[in-house]
Amino acid sequence: MKHLVTSIDVENYTPHWLHSSTNHWPQSNCYVDLWIEILHTLHVNPLACFAFTLSIDFEGDQWTFFKFPIHDLFLLYGIDVQELNIWNALLPQICEQASRDRLALVEVDAFYLPDVSDTNYHRMHEKTTIGVQSIDPEVRELHYFHNSGYYSLQGEDFDGIFHPDAQVGRTVVLPPYVEFAKFDRLQRHADQELSMLALELLRGYSRRIPSANPFTTYSQHFQAHLAALPDLQAYHQYAFATLRQYGACYAYASLFLQWLADYQGAHFKEAAAHLEAISSGTQVFLLRAARVVRNKKPLDHLPYFEEMAMHWDQAMQHILANLA
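Residue numbers (our numbering): 2 to 325.
Now the structure itself:
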């Protein structure tokens, strides 16, 4: 029997423009990318949900792995996200939620996802998150959201993810972390009303802006981090946790402020320009650092970080001044 999340509209589906290949960062991380597409198919504006991006920080060995806060999803769109307690075998619990028109967000092994055929598929095991839009345990078929798109899998890949022969209390694998999204209170506000809600969220997140400039702090650790990387593959893993996270995050922050400026005052555009400069500058620096690791040459990183620190200071000053 097929179990379908009917609130999710996949007819004539195309990815959201935030995932266009023309953007600096067409993908960010699996959780944010997934939610952008979910919100898109629900016909609500995901841009309104990026106020939280101003609060990210350098965390010592990574930058904040930024994720849409559950509170914000409910405030803006009426989407209620809860954790699914995997007390039973995974498969029947996912089917139960889908039959209730609830989208399960499941941590899975990318080894079994055909949409990542260029990287992980049947090559490498790596944790990622998918959104289950429809599932049929009898024919072993799954339709799901992952990263910036909507895909399907079946057969042995289905078995690899759900372990359909698993029994209660006898599973040989650690149960994954699973959430489910409830859409019975879904609200589709016009952008003007959304912008007022988003402005209040921004006021709250302004109190969580890092007290010290994160680029100044990060610059003191970057050279040692880079020197410790054994090869280019390790660099790509490191860059995903650092440069790519804040590069994509500040790109979304810039787009959020540009959108907010259309409804709540053009003064937000100055901060948006500084955050866009961080995003575009980081994309260039990301490639420079990769060449340095590959060629095992030194990198003068200080000018880049000084420029990023300046843009961050200016952006935060503009935001705080305009919220006062």
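We treat Cβ as the ideally placed atom computed from N, Cα and C, and that holds for glycine. Just so we're clear, the structure is a prediction, and the values are computed from it rather than from any experiment.
Who are glutamine 83's beta bridge partners in DSSP? Answer is Phe181, bridged to glutamine 83.
Between the Cα of glycine 205 and those of Gly156, Trp18, Ser56, Ser22, spot the shortest distance and give me the residue it belongs to. In this structure, Ser56 is the residue among Gly156, Trp18, Ser56, Ser22 with its C-alpha nearest to the C-alpha of glycine 205.
Starting from the Cα of alanine 1, find the closest Cα among Ala252, Ala291, His20 and give me that residue. Not covered by the structure: residue 1. The range shown for the chain is 2 to 325.
Residues in its own chain within less than 7 Å of glycine 79 by CB, not counting five upstream and five downstream? Within the same chain, glycine 79 has close Cβ partners Arg186, Leu187, Gln188.
Please work out which residues of its chain come closer than 7 Å, Cβ to Cβ, to isoleucine 320, disregarding the five sequence neighbours upstream and downstream, and give them in chain order. The residues are Leu55, Ser207, Ala272.
Enclosing beta strand (DSSP E) for phenylalanine 146 [first to last residue]: For phenylalanine 146, the uninterrupted beta strand (DSSP E) run begins and ends at 142-147, by DSSP.
Return the bridge partner residues of alanine 105 from the DSSP annotation. Paired residues: Val133, Phe181.
Check for me: the beta strand (DSSP E) holding leucine 154 runs from which residue to which? Here the beta strand (DSSP E) through leucine 154 covers 150-155.
Would tryptophan 313 and phenylalanine 216 qualify as a contact pair, given that the criterion is a beta-carbon distance under 8 Å? For tryptophan 313 and phenylalanine 216, yes; Cβs fall inside 8 Å.
Who are the Cβ neighbours of glutamine 28 in its own chain at under 6 Å, not counting the five residues just before and after it? Contacts found: Asp34, Asn148, Ser149.
Nearest-angstrom Cα separation, counted from alanine 254 out to histidine 302: The C-alpha of histidine 302 lies about 24 Å from the C-alpha of alanine 254.
Kindly list the residues whose CB is nearer than 6 Å to the CB of phenylalanine 144, restricted to its own chain and excluding five residues on each side of it in sequence; keep chain order. Per the sequence shown, residue 144 should be read as histidine rather than phenylalanine. Listed in chain order, the non-local C-beta contacts of histidine 144 below 6 Å within the same chain comprise Gln134, Ser135, Ser153, local neighbours out to five positions each way being set aside.
Would leucine 287 and leucine 244 be called neighbours here (beta carbons separated by less than 8 Å)? Yes. Within cutoff.
Straight-line gap, proline 211 to cysteine 31 (C-alpha atoms, nearest Å): One C-alpha to the other measures close to 24 Å.
Among all the DSSP beta bridges, which residues are the ones paired with tryptophan 64? Phe59.
Which first and last residues belong to the alpha helix (DSSP H) in which methionine 125 is found? Per DSSP, methionine 125 lies in no alpha helix (DSSP H) and is assigned neither H nor E.
With a 10 Å radius around its C-beta and 16 neighbouring C-beta atoms as the bar for buried, classify alanine 191 as buried or exposed. The residue in question, alanine 191, is exposed, as its Cβ has fewer than 16 Cβ neighbours within 10 Å.
Tell me the DSSP secondary structure of histidine 190 in three-state form. Histidine 190 falls in the coil class under three-state DSSP.
Should proline 1 be labelled buried (16 or more other beta-carbon atoms within 10 Å of its own) or exposed? Residue 1 cannot be examined here, being either before or after the span of the chain that is shown, 2 to 325.
Ordered along the chain, which non-local residues of its own chain (more than five positions away) have a Cβ less than 6 Å from that of leucine 203? Its chain contains Ala52 as the residues whose beta carbon lies nearer than 6 Å to that of leucine 203, once the 5 sequence neighbours on both sides are disregarded; these appear in chain order.
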